[in-house]
Structure formats: C-alpha cells, structure tokens
DNA sequence: GAGTCCATTGAGAGCGCTCCCAGGAATCGG
DNA sequence: CCGATTCCTGGGAGCGCTCTCAATGGACTC
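Protein chains in written order, with my numbering: chain H, 33 to 414; chain U, 33 to 414.
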C-alpha cells in the first residue's frame with residue numbers, strides 16, 4: 033500500500049534534471065505517461081472512457097450525464113467502459129464549465145452559542161445533510177469565530193465555490209446576507225432575522241420554528257392546569273427567538289404583571305438567577321415558562337433550594353426539548369418541542385429549490401419563508 | 033411578527049414560470065453574452081486583471097500567487113488591478129490544473145451516536161475548523177446515515193474533490209479507510225481504531241484522548257477518597273474508548289471483583305440499568321466510575337431511588353465532562369475531562385502536515401498518532 | 001568592449017469537461 | 001422512390017488558471 037519510492041523529491045524543489053517527474057503535465061511527454069507506478073494512479077478521464085467505448089468524448093459525456101439522446105447500444109458500451117475503468121467525473125473540470133459546484137455552504141456565525149452546547153447544531157446539520165446529499169450536493173461548513181473570519185467567509189462566499197448558502201444565527205450587524213446578496217449567491221437563513229427592515233425584505237428567505245406558537249402552547253398548558261400566576265423567564269431579548277417566545281406568552285396574558293417577566297440568557301445559571309428574581313418579586317407565583325430547557329433546569333434548582341415543590345407548588349415548562357436536559361432533570365421537564373432536524377431539512381430544500389429554479393428568483397417570490405410547528409411534550413414538571 | 037402569508041405552498045410545488053433572470057448558464061449563449069443586466073455580473077478573470085495591469089496572464093498569476101520573481105512596480109500594478117476589479121481566483125480552474133482542492137472531508141459515520149447528542153461533535157468541528165481555516169482549507173462535511181451513504185461517500189472521497197479526510201467513529205467493518213487508502217487519499221482517524229490489525233498498522237494515523245489514563249485517574253481519585261469497593265459502568269465494549277477506560281480501571285484494580293463491572297451503552301438509561309445491576313450484585317459498593325457522564329447521570333438517579341446518598345454513601349465519577357450534564361446533575365458530577373476541541377485541532381494539523389509533506393508518507397513516519405491528555409474535574413459527586 | 005549570467009516576462013499548451021453546431025443516418029410523407 | 005424531418009453523433013471551442021520554456025535585456029566579469 034505504501035506506494036512511494038523513498039525519493040526525497042520535495043514539492044517546491046526542482047527535479048534534479050532528468051525527465052519531468054510529475055508524470056509530465058503534458059500527455060505526450062514521452063518518458064512517463066502512465067509509467068509512474070508509484071504515486072496515485074492517474075485517474076481515468078472522459079477521454080479514456082470514450083476511447084475504450086469507441087465513441088466520441090461528447091457521447092461519453094452524454095451517457096455519464098443521464099444518457100438522453102444516445103442509442104441504447106452505445107449507452108451500454110460507454111457504461112461498461114465507465115465501470116471497467118472506474119471512471120469518476122472530475123468535478124473541478126465540470127464546475128469550470130457549468131458554473132455549478134454541487135455544493136452549498138453552511139455558515140454558523142455563533143462562536144459560543146447554544147449551537148455548540150446543545151445538540152441543536154448537530155441536528156440541524158443532519159437535516160441539512162439528508163436533504164443535500166439526496167440531491168447530490170455537498171456541504172461545506174464554515175464556522176465563524178471572530179471578526180476576521182467574517183472576511184474570510186465573505187471571500188469564500190464571493191469566490192463562487194458554492195452554489196448557495198445556509199446562514200445560521202445571524203446578528204443584527206451580520207454582513208453575510210449583504211455579501212451573499214452582492215455576489216448573487218442564493219441563501220436561506222436559519223431563524224427569523226431580526227435586524228431593522230428584515231421583516232419587510234421580501235428577498236429574505238428563512239426557516240424558523242414557531243416560537244410564538246410554542247410560547248402560547250406552554251402558557252395554555254399551564255393555564256389548563258389551573259395556574260393563574262404564571263411567570264416567564266425569557267432568553268436574551270435581542271434575539272428574535274426570545275422575543276417571539278415572550279410574545280406567545282403575552283398573547284395569552286396580555287394584561288400580565290410585568291413583575292412576572294424576567295430576562296435570562298439561555299444558560300442554566302441565568303435561568304436560576306432569573307428564577308430567584310421572580311421569586312423575590314412574586315413569591316406567590318405558581319408556574320414558570322422558561323424559554324429554554326437549560327434555563328428551566330437552573331430554575332428548577334433554585335425552586336428546589338427555595339423549598340418549592342415542582343410541580344405541586346410551581347409548575348415549570350421549558351422550551352426546546354433537548355433530551356440531554358429535559359429528560360434528566362428532576363422532575364423531568366415538560367417542554368415545548370421543536371423539530372430541529374426538520375428545520376435543517378427544510379432550509380436545504382428551500383435553497384435547493386431556489387437553485388433549481390435558478391431561472392427567476394423574482395417570480396419565485398411568494399411565500400418564501402417557512403415556520404415549523406412546535407408542540408408540547410408533557411413530562412413531570414407541569 | 034407572525035410573518036406568514038397564509039399560503040399553503042408545499043415545498044414541491046412548481047413555480048408559475050417567468051423570464052430567466054440569472055443569465056444563461058452557458059457563457060457564450062448567443063443571445064445574452066454580457067447582456068444579462070439582471071443576474072450576476074461576470075466575475076473578473078485573471079485575463080482581465082492582466083489586461084488592466086498591462087501585463088501578461090502569467091505575470092498576473094505570479095502576483096496573485098505570492099508575487100515571487102516579479103518586479104515590485106509590476107507587482108503593485110497587478111495588485112491594484114486585482115483590488116479595483118475585485119478579482120477572486122476561480123478555484124475550479126486552479127484545482128483543475130494544480131490538482132489541489134484546498135479542502136478536506138470530515139466524515140462522521142455514526143448516525144445516532146453520542147456525537148449527536150453530546151456537544152462532542154460541535155467541539156470537534158470547531159477545533160478542526162480553526163486549524164483548517166488558518167491554512168485556508170475548507171471543510172466538507174459528510175454525514176453517513178445508512179449503508180447507502182457509504183457508497184456515496186466512498187465515491188466522493190475517490191472523486192478527487194478533497195485533498196484528505198478526517199474520519200470519525202469508525203466501526204470495525206468500516207470500508208472508509210480502505211477506500212481512502214485505495215485512492216491514495218491521506219486521512220487521519222478520530223479515536224483509536226479497533227479492528228484487528230489496526231494496532232500494528234503503521235500507516236494509520238489517529239488522534240485519541242487518553243481514555244486509559246483517564247480511567248486510572250478516576251479510580252485513583254476514588255481510592256484517595258478511601259473507597260475500596262469501586263465499581264465501574266463501562267460503555268459498549270465493542271468501542272475502543274470503552275475498552276480503554278475499563279483498562280484504566282483495571283490497571284489500578286487488577287484483582288478486582290468482576291461483579292463490580294457492568295456494561296452500559298453510553299446512555300443515561302443504560303447507566304441506570306447497569307447501576308441497578310451493580311447494586312443488586314454488590315450492595316456494599318461505595319464508589320462507581322461511569323465511563324460517560326450520561327451514564328453517570330442515570331446511575332445517580334438509580335442511586336437516589338435506592339436511597340444511597342452521593343457522595344456520602346457512594347462516590348461517583350463520570351467521564352467526558354459534558355457541561356450540559358456534568359454541571360447540572362445533583363450533585364454536580366466529578367468527572368474526567370478531555371479536550372475535544374484540541375483533538376479536532378490536532379487531527380487537522382496532522383492531516384495538513386501530511387498534505388504538505390505529500391512527498392513521502394513513508395519517510396514521515398515517526399510518531400504519527402497522538403494521544404491527548406485527560407484530567408480530573410472535581411465537583412460534588414466524589 | 002565582448003561575453004556570460006541572471007532576473008523577468010510573455011507565449012502557449014494544456015487540465016477534463018460541457019455544449020453548440022453541423023454532418024450523416026434513419027425515418028416519414030407524398 | 002425522393003425530398004424533408006428528426007435523431008444521433010463527433011468535432012471543436014472554450015471555461016480560467018498554472019506552468020514550462022524560450023526570449024529579452026540589463027548587470028557583471030574579464
């Protein structure tokens with residue numbers, strides 16, 4: 033397997049002097065050609081397939097790309113040649129002429145976010161991967177960690193290496209959508225974009241889960257349990273998901289006491305702090321809707337320390353249904369489930385459709401964005 | 033906020049049909065040419081840069097690629113042209129001739145594994161991303177979900193689209209290493225490969241955390257606490273990480289009672305079951321080393337239900353230090369930490385080095401694989 | 001002052017593939 | 001049985017870039 037002569041021919045170094053080493057970049061370079069037994073065997077080209085099948089390159093190409101308009105007998109012959117040679121099209125060459133990369137970028141611009149601590153990220157990717165690979169597209173992952181990365185990623189997106197992009201967790205000042213737009217790269221956003229004007233921008237396509245509806249369901253469940261002093265721990269209110277969940281809460285409690293609302297930060301600690309605050313302000317509360325399971329777990333701990341029983345004294349509902357957390361708190365968390373994987377799949381599908389309909393983005397307008405449903409999962413905490 | 037027109041457009045629906053916007057995909061398609069005002073503006077090519085700078089394409093290329101051997105004045109001129117035109121090299125074209133893709137594949141072949149429930153996955157990717165992007169390489173993510181995917185991925189790896197691959201969570205029968213080897217694609221494995229013969233295969237490069245050492249540290253800690261009847265809940269023993277952790281345990285308890293060993297499956301449930309089993313066999317146990325935090329959390333629950341206090345009656349040590357779990361169990365988990373991100377970074381670095389030294393894999397041998405350290409994190413459970 | 005050498009530069013040949021276009025075969029109507 | 005269509009097929013022109021090779025010209029040596 034170790035197919036390398038122990039020659040020390042370094043990449044930059046010039047060959048000593050003899051015949052070209054690199055297998056000669058020019059086909060007819062006398063000396064080598066196929067001769068280089070050592071390195072990677074030269075991959076068969078369409079040309080060689082055509083030759084073996086006794087047809088022209090054009091015909092071979094047709095067969096490889098579906099075989100429409102080629103007589104069956106020839107098609108078979110070419111197919112056989114392909115199999116025998118183990119021919120695999122050179123994507124670079126194909127891309128060069130078709131301008132299609134069969135690849136989309138997945139950009140995640142949240143260094144320390146929940147995307148990394150929750151299984152969110154992985155699930156999203158899985159959904160995306162499913163959809164993408166079924167259309168024979170690859171997924172190029174671009175992680176943004178600091179400001180400098182924005183430039184790098186921007187350059188990449190503008191470099192024509194991918195046919196489209198899936199953008200996650202954008203912030204208000206995120207330059208990515210603009211960059212993508214400028215270079216004419218189709219993209220779909222994960223999560224409702226929250227910057228000013230985004231709402232009315234009909235060009236923006238995004239997929240989000242029904243955060244508001246989820247908030248409503250949570251409160252509704254709590255109310256159906258007879259709870260009347262329902263508090264809520266929100267996520268950071270500069271994120272649309274937090275705002276939407278809170279809006280859902282407000283939908284059912286339009287005249288609620290502001291003292292029953294505390295802002296957390298999606299972490300267990302933050303949830304705990306918010307819970308303590310709520311308890312101080314309204315010791316009589318009998319239910320809490322936490323906008324994330326992580327915060328709910330922190331709240332649970334604070335409640336326990338305060339001597340409140342869950343769900344008897346205080347009923348708790350979380351959000352996300354992260355198995356790692358929700359199923360293993362004590363008591364297990366009643367929560368709002370969102371189908372992350374499905375969101376990923378949807379995003380990919382939306383993008384793919386757009387790419388297929390390359391034709392006309394404008395006419396394709398209509399209902400571009402999609403909201404995926406959320407639903408209640410009852411466990412022990414409420 | 034509820035930004036949705038009440039349209040019921042199913043994903044598969046066909047568009048109404050409109051005039052092509054994005055300009056024909058074929059460069060010289062008579063009709064249009066450059067005329068397509070609407071779509072993407074034609075990207076500048078090296079040719080145009082050269083022309084604008086008044087030099088030849090070759091010189092422009094030299095400047096773009098580092099500018100060695102080009103007179104300063106010309107170099108500047110070309111640089112200016114590049115900036116003004118916003119030139120970005122066409123990677124496909126470059127790849128076509130250089131045979132370098134500046135991209136590596138990351139293959140994860142574990143559909144339902146911990147990789148997806150733990151933040152493991154994300155952390156690995158982050159580490160990889162860091163390293164890769166600093167070398168201006170892209171990361172193509174390939175997720176394997178079922179058997180059919182193996183073929184797809186194999187084809188991809190063999191397709192010459194990437195310069196190397198990072199392979200994760202391989203199983204015994206995993207065909208990927210063989211495929212990669214056959215097509216001469218350099219690769220690095222995440223986690224010690226466990227198939228027969230792998231150990232002695234000097235061609236195999238892998239990065240793993242010091243599972244065995246971690247197991248030792250865990251038991252050592254328990255012993256230092258004065259515990260003498262230390263049980264262990266192992267992971268599935270067909271995985272090297274499980275075996276290694278158990279070996280660590282055995283290193284310190286060579287003559288231990290087999291009744292103190294129970295096999296789990298890395299899930300909380302499995303951990304709980306194993307714990308119950310251990311409790312039944314050895315009611316007098318005073319400590320447990322669980323080979324994962326998830327299993328430890330299940331064990332914790334069973335212990336609580338059995339009326340054992342932790343850590344007073346039974347001390348518990350986990351493994352992984354997954355924040356989501358370890359910091360939020362009751363009591364918080366004392367555990368063994370492994371630096372996942374660093375492992376990712378290391379894998380990428382190893383691969384990159386190999387790619388750079390393309391030259392001769394054989395000579396580069398030396399210490400190919402790397403084991404990253406693990407360390408004890410003391411919280412409340414032991 | 002002639003000869004030699006080195007640093008620069010440009011010309012041109014491809015990399016492997018797709019697609020336009022035209023020629024030839026096969027098919028069909030009259 | 002012949003001209004008009006319709007099908008197939010091969011020829012050939014690039015896609016944008018890198019790299020080899022030869023030509024140019026000035027610096028330097030003797």
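Here a beta-carbon is modelled for each residue, glycine too, at the ideal position from N, C-alpha and C.
Can you check whether the C-beta of residue i is within less than 7 Å of a C-beta belonging to chain H?
i, result
"residue 307/U", "no"
"residue 234/U", "no"
"residue 69/U", "Its pLDDT being 38, under 50, residue 69/U is placed unreliably in this model, and the value from its coordinates should be taken loosely. For residue 69/U, the answer is no, since every Cβ of chain H falls outside 7 Å of its Cβ."
"residue 327/U", "no"
What residues in its chain sit with their C-beta under 8 Å from that of residue i, if we drop five residues either side in the sequence?
i, result
"residue 317/H", "261, 262, 263, 292, 310, 311, 346"
"residue 84/U", "113, 116, 117"
Under the assumption that residue i contacts residue j (Cβ atoms under 8 Å), give the Cβ distance between them as a whole number of angstroms.
i, j, result
"residue 140/H", "residue 176/H", "7 Å"
"residue 82/U", "residue 92/U", "4 Å"
"residue 360/H", "residue 329/U", "5 Å"
"residue 411/H", "residue 358/H", "7 Å"
"residue 76/U", "residue 119/U", "5 Å"
"residue 304/U", "residue 273/U", "At roughly 20 Å, the Cβ-Cβ gap does not stay under 8 Å, so residue 304/U and residue 273/U are not in contact."
Determine the burial state of residue i: buried for a count of at least 16 other Cβ atoms within 10 Å of its Cβ, exposed for fewer.
i, result
"residue 339/U", "exposed"
"residue 373/H", "buried"
"residue 112/U", "exposed"
"residue 287/H", "exposed"
"residue 315/U", "exposed"
"residue 130/U", "exposed"
"residue 180/U", "exposed"
"residue 97/H", "exposed"
"residue 256/U", "exposed"
"residue 166/U", "exposed"
"residue 233/H", "exposed"
"residue 259/U", "buried"
Could you confirm whether any beta carbon from chain U is found closer than 7 Å to the beta carbon of residue i?
i, result
"residue 300/H", "yes"
"residue 49/H", "Its pLDDT being 31, under 50, residue 49/H is placed unreliably by the model, and nothing is read from it."
"residue 360/H", "yes"
"residue 125/H", "yes"
"residue 253/H", "no"
"residue 154/H", "yes"
"residue 334/H", "no"
"residue 379/H", "no"
"residue 193/H", "yes"
"residue 128/H", "yes"
"residue 383/H", "no"
"residue 356/H", "yes"
"residue 190/H", "yes"
Starting from the C-beta of residue i, find all residues in its chain whose C-beta is less than 7 Å away, skip the five residues before and the five after it, and write them out in chain order.
i, result
"residue 308/U", "334"
"residue 401/H", "237, 238, 239"
"residue 391/U", "Only weak support is given to the placement of residue 391/U: the predicted model assigns it a pLDDT of 45, under 50, and the question is left unresolved by the model."
"residue 356/U", "151"
"residue 22/U", "Examination of residue 22/U is not possible in this model, given that chain U is present from 33 through 414 alone."
Leaving out five residues on either side along the sequence, give the residues of the same chain with a beta carbon under 6 Å from the beta carbon of residue i.
i, result
"residue 174/H", "137, 139, 185"
"residue 89/U", "78, 79, 82"
"residue 127/U", "133"
"residue 95/H", "102, 107, 110"
Answer yes or no: do residue i and residue j have a C-beta to C-beta separation smaller than 7 Å?
i, j, result
"residue 413/H", "residue 348/H", "yes"
"residue 160/U", "residue 376/U", "yes"
"residue 239/U", "residue 378/U", "yes"
"residue 212/U", "residue 219/U", "yes"
"residue 403/U", "residue 242/U", "yes"
"residue 299/U", "residue 331/U", "no"
"residue 16/U", "residue 284/U", "Beyond the ends of chain U as shown, which are 33 and 414, falls residue 16/U; an answer cannot be given."
"residue 199/U", "residue 221/U", "yes"
"residue 280/H", "residue 248/H", "yes"
"residue 319/H", "residue 265/H", "no"
"residue 189/U", "residue 217/U", "yes"
"residue 363/U", "residue 342/U", "yes"
"residue 153/U", "residue 154/H", "yes"
"residue 245/U", "residue 406/U", "yes"
"residue 215/H", "residue 170/U", "no"
"residue 182/H", "residue 209/H", "no"
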